[in-house]
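Colleague:
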Amino acid sequence: MKTVAIVQARMGSSRLPGKVLMDLGGRTVLGRVVKRVNRAVLVQQVVVATSSVPPDDAVASECQRLGVECFRGSEDDVLDRYYGCAQTFSADTVIRITADCPIVDPALVDATLRAFHENPCDYASNALVSWYPRGLDVEVFTIEALSWAWREARKAYEREHVTPYLYEHPELFGLVSVEAHCDYSQHRWTLDTAEDMELLRAIYARFGNRDDFGWRDVLQLMEREPELALLNSHVIQKPVHA
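Mapping to our numbering: the sequence shown position 168 is 264, numbers consecutive.
(1) Can the beta-carbon of A195 be found less than 7 Å from the beta-carbon of L126?
(2) Does DSSP put Y263 in a helix, a strand or coil?
(3) DSSP beta-bridge partners for G169?
(4) For N215 versus R284, is the C-beta distance shorter than 7 Å?
(5) Note the first and the last residue of the continuous alpha helix (DSSP H) segment covering R312.
(6) Name the two residues that bound the continuous beta strand (DSSP E) containing L271.
(7) Under 7 Å Cβ to Cβ from L242, same chain only, skipping five residues before and after it: list those, please.
(8) Taking the alpha-carbon of S186 as reference, which of V234, M118, S281 and V100 has the nearest alpha-carbon?
(9) From the DSSP output, in three-state form, read off D196 for me.
So this is what it looks like as structure tokens:
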């Protein structure tokens with residue numbers, strides 16, 4: 097059984113174009129994400145899934161520089177891109193990560209994978225109940241569930257966001273929720289805007305631009321320096337169904 101983490105990444109962004117290749121403490125955002133996901137003990141392979149449009153040639157080049165496999169597929173039908181990538185790399189279990197989450201915690205990746213394996217299910221995530229800070233989302237699902245969604249999903253948002261068909265149909269798929277002990281959803285550690293980047297650069301700088309800190313370390317930082325959260329507190333998360 098092969099477990100593959102697929103990191104979706106592209107240059108296009110309505111609010112911050114090119115964000116995945118922007119500098120974050122001496123590495124690209126994509127480089128940060130790949131390195132952090134690679135630290136998860138239970139992940140056997142990390143693959144970046146980008147689109148086949150010319151602007152994403154830069155993403156493919158960065159993957160080559162990072163020494164990580166790259167799959168190229170549809171720009172807008174990201175579900176099709178994921179399915180093609182999972183098939184190409186013979187994945188039995190798929191982990192979905194987005195490249196705009198440069199604080200993704202390998203310990204949370206492993207925790208979600210353990211919950212997935214310990215509780216017979218088709219889909220497990222720490223985002224079904226949004227108690228973790230925004231930017232730590234991990235989704236794990238079977239290749240069979242992905243194949244089913246790929247065949248049956250018809251709505252545009254289901255194709256763009258990959259997994260809605262799974263978690264919106266609990267009558268079809270077994271779901272497992274991995275939840276934080278408290279509600280930390282007021283924290284925003286994802287990358288959609290210039291203000292988000294300002295905060296992320298400040299966070300990395302506080303940790304010496306290393307990659308070995310976890311989400312609880314960042315939480316403690318925010319408790320010590322609550323003014324940091326003000327950098328992007330006004331940013332509104334775009335809804336999946338928009």
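Beta carbons are placed, not taken as given, at the ideal position from N, Cα and C, and that holds for glycine.
Modeller: Walking through what the data contain:
(1) Reading the sequence shown from its first residue, position 99 is the one you call residue 195. Reading the sequence shown from its first residue, position 30 is the one you call residue 126. Yes, these two residues count as a Cβ contact at 7 Å.
(2) What you label residue 263 is simply residue 167 of the sequence shown in a count that begins at 1. Here Y263 sits in helix by DSSP.
(3) Within the sequence shown, residue 169 is the residue found at index 73, counting from 1. Beta-bridge pairing links G169 to S147.
(4) Here the question's residue 215 lines up with position 119 in the sequence shown. Here the question's residue 284 lines up with position 188 in the sequence shown. Taking 7 Å as the Cβ cut-off, N215 and R284 do not qualify as a contacting pair.
(5) Taking the sequence shown and counting its residues from 1, the one referred to as residue 312 is at position 216. Per DSSP, R312 belongs to the alpha helix (DSSP H) from W311 to R320.
(6) Residue 271 sits at position 175 when you count from the first residue of the sequence shown. Element bounds for L271: L271 to S273.
(7) Against the sequence shown, residue 242 aligns to sequence position 146. Excluding sequence neighbours, L242 sits near Y178, Y179, A182 and V190.
(8) Here the question's residue 186 lines up with position 90 in the sequence shown. It is V100.
(9) For the purposes of this step, residue 196 is identified with residue 100 of the sequence shown, where counting begins at 1. When DSSP states are grouped into helix, strand and coil, D196 belongs to the coil group.
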